[in-house]
Every structure is written in C-alpha cells, then in structure tokens.
Amino acid sequence: MAVAELMNNRLNQGKDPNLNFYRERNGKEVDILQSTPEGLKAYEVKSSISFHPEFLKNLDYLKTVLPVAPVSSTVIYDGESYPPLAENIRNI
C-alpha cells in the first residue's frame with residue numbers, strides 16, 4: 413500500500429515514480445529507494461503501530477554502503493507519533 417501511494421503521488425504529478433528497492437544476499441534490505449532531482453530518498457515500511465529503534469537499522473546501514481548518502485530516510489509505519497530523539501523521522 414505504501415509503494416502504491418508513493419507511485420500514485422508521483423504519477424499524479426506527471427512524474428516517473430523512479431521506485432526501486434535495495435537487497436543484499438545476507439538479508440540487508442531497504443524497502444523503497446526513490447530517485448529524485450534532490451537525490452536518493454530511502455523508505456522503510458513497517459506494519460507496527462509502535463516505533464522501534466531497530467526500524468532504523470537498515471536505513472543506517474544503507475548510508476555506509478552507498479557512495480552518496482540518501483537525502484532523506486523515512487520510516488513509514490502505522491503509528492501516530494515519532495520518537496523525539498530520532499533524526500530524519502517524519503510523521504506522515
């Protein structure tokens with residue numbers, strides 16, 4: 413559902429969705445990578461209503477393996493709040 417919403421948002425603006433994912437053989441993965449004029453945006457999708465710090469693990473890992481870090485990293489989950497100490501976490 414999150415992928416469909418991101419895709420619909422871009423397509424409704426007349427833009428190419430540019431959606432991909434990242435996965436390694438060892439199981440490290442990031443659910444959605446989106447190429448934008450500003451740079452790469454990374455999204456991790458979780459089905460939890462509570463935020464857990466381990467949601468950031470793969471987003472943080474991605475920053476260490478890419479030549480240029482994503483311009484934003486977003487956790488999409490079913491909660492209504494976000495942790496006050498987390499960087500780059502937006503409540504959408």
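Here the numbering used here is used: position 81 in the sequence shown is 493, and no number is missing along the way.
Ideal Cβ placement from N, Cα and C applies to all residues, glycine included.
Within 8 Å, strictly: CB atoms of residue i and residue j
i, j, result
"Gln446", "Leu468", "no"
"Val480", "Gly451", "yes"
"Ile444", "Leu418", "yes"
Per-residue DSSP class, three states only, for residue i
i, result
"Leu431", "strand"
"Ala416", "helix"
"Lys440", "coil"
"Leu423", "helix"
"Glu450", "coil"
"Tyr473", "helix"
"Leu478", "coil"
"Glu492", "coil"
CA nearest to the CA of residue i, picked from the options
i, options, result
"Asn438", "Thr486, Ser484, Val483, Asn470", "Asn470"
"Val442", "Ser462, Ser484, Asp428, Asn420", "Ser484"
"Pro482", "Ala414, Met413, Thr448", "Thr448"
"Ser460", "Glu492, Leu418, Tyr434", "Glu492"
"Asp490", "Ser462, Met413, Ile444, Lys475", "Ser462"
"Thr476", "Val415, Lys440, Phe433", "Lys440"
Burial state of residue i, where buried means 16 or more other Cβ atoms lie within 10 Å
i, result
"Leu478", "exposed"
Evaluate the contact criterion for the stretch 420-427 versus the stretch 454-461: three or more CB pairs, one atom per stretch, below 8 Å. no
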